[in-house]
Amino acid sequence: MNNRQLKDLLYEQVARIGKALASPKRLELLEMLAQGEKSVDALAAELSIDIKLASAHLKALRDARLVTSRREGKFIHYRLTGPDVAGLGVKLREVAEEHLLELRLALDQMAANPGQMAPVDRQALMEQARRGEVVVIDVRPPEEYAVAHLPYARSMPLAEVERRLASLPRDREIVAYCRGPFCLLSDEAVALLQARGYRARKVSDGVSEWQAAGLPLATVGSDLKSLRSRKRT
């Protein structure tokens, strides 16, 4: 094999990743799987596509070694092959946002109410949450929260926010987040809270953005360990 053939082979292998990502639905699948392992059925329902199409997209991602699968009875479950795959999704979106005016305009439309968006100073937010100066709520499904969540965040799935309003303090700001900048669950939660008289904003970060920034994440197990440690002291 000469040098030209070798270079062609190398670039061809890297291009496998690009080909696998060249689909809006596959990018969304990666975002969903960055929240934790999910079944094909759950992913198809979330993306509003049929199971056959979801399986085809997942096969393309698996062929590029971006996801792996396991069977449990009649169901097939998928997960990312590593945290670097979630980071790749974050970086790809950041590059697109930097260079594509169309994407920036679309994001501006999502942020129709600038007052709902909290400034993103991740370290400061973590410290404020630790000190109890703000209340951070994770409005994703509880199983996603259990896999990983922002430190000091409470699990409060969107469907439960209204009936759990009494557990939220009215004298502190509520900061909501979900799966990242393209997720609208936190927008709905903030709109509901503001309509009930709460001071509420959202952050565009999800666990993938937090992890890509090199910041720690928490799990239900680590939360319980931290709580027991505080009680002993």
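Residue numbers (the working numbering): 25 to 257.
Just so it is clear, CB atoms sit at the ideal spot from N, CA and C, and this is done for glycine as well.
These figures come from a predicted structure and were not determined experimentally.
Checklist entry - Under the DSSP definition of a beta bridge, which residues are partnered with Val-160? => result DSSP, once it has assigned bridges, lists Val-199 as partnering Val-160.
Checklist entry - Hey, how far is the Cα of Ser-228 from the Cα of Arg-117? => result 13 Å
Next on the checklist: I want to know whether the region 47 to 57 touches the region 101 to 114 - three or more CB-CB distances under 8 Å.
Outcome noted: yes
Checklist entry - Cβ of Arg-40 within 8 Å of Cβ of Ala-80? => result no
Checklist entry - Can you tell me where the alpha helix (DSSP H) with Ser-232 in it begins and where it stops? => result 231 to 236
Item to check | Nearest-angstrom Cα separation, counted from His-173 out to Ala-242 | outcome: 5 Å
Checklist entry - Does DSSP classify Ala-242 as helix, strand or coil? => result strand
Checklist entry - Closest by CA to Ala-183, which one among Val-171, Val-109, Phe-206 and Val-214? => result Out of Val-171, Val-109, Phe-206 and Val-214, Val-214 has the C-alpha closest to the C-alpha of Ala-183.
Checklist entry - For Pro-138, which residues from the same chain have a beta carbon less than 6 Å from its beta carbon, with the 5 sequence-adjacent residues on both sides left out? => result Residue placement at Pro-138 is poorly supported in this model, since its pLDDT is 49, which falls under 50; the coordinates still yield a value, given next. Short of 6 Å from the beta carbon of Pro-138, and not among the five residues preceding or following it, lies no beta carbon of its own chain.
Next on the checklist: Does the region 208 to 223 come into contact with the region 90 to 99, if we say contact requires no fewer than three beta-carbon pairs (one atom in each stretch) closer than 8 Å?
Outcome noted: no
Next on the checklist: I need the DSSP call for Leu-174, collapsed to helix, strand or coil.
Outcome noted: coil
Checklist entry - Per DSSP, Phe-99 is paired with what? => result Glu-96
Next on the checklist: Can you give me the C-alpha to C-alpha distance between Ala-200 and Arg-95, rounded to a whole angstrom?
Outcome noted: 34 Å
Checklist entry - Does the region 157 to 166 touch the region 180 to 194, meaning 3 or more C-beta pairs lie closer than 8 Å? => result yes
Next on the checklist: If the criterion is Cβ atoms closer than 8 Å, does the pair Asp-65 and Phe-99 meet it?
Outcome noted: Inclusion of Asp-65 and Phe-99 in the CB contact set at 8 Å is warranted, their separation being smaller than that value.
Item to check | Outcome for Arg-194 when other beta-carbon atoms lying within 10 angstroms are tallied against a minimum of 16 | outcome: exposed
Next on the checklist: By the DSSP assignment, the alpha helix (DSSP H) with Ala-219 in it spans what residues?
Outcome noted: 209 to 219
Next on the checklist: Can you tell me whether Arg-50 is helix, strand or coil according to DSSP?
Outcome noted: Note: Arg-50 maps to helix in three-state DSSP.
Checklist entry - Helix, strand or coil: how does DSSP classify Ala-69 here? => result helix
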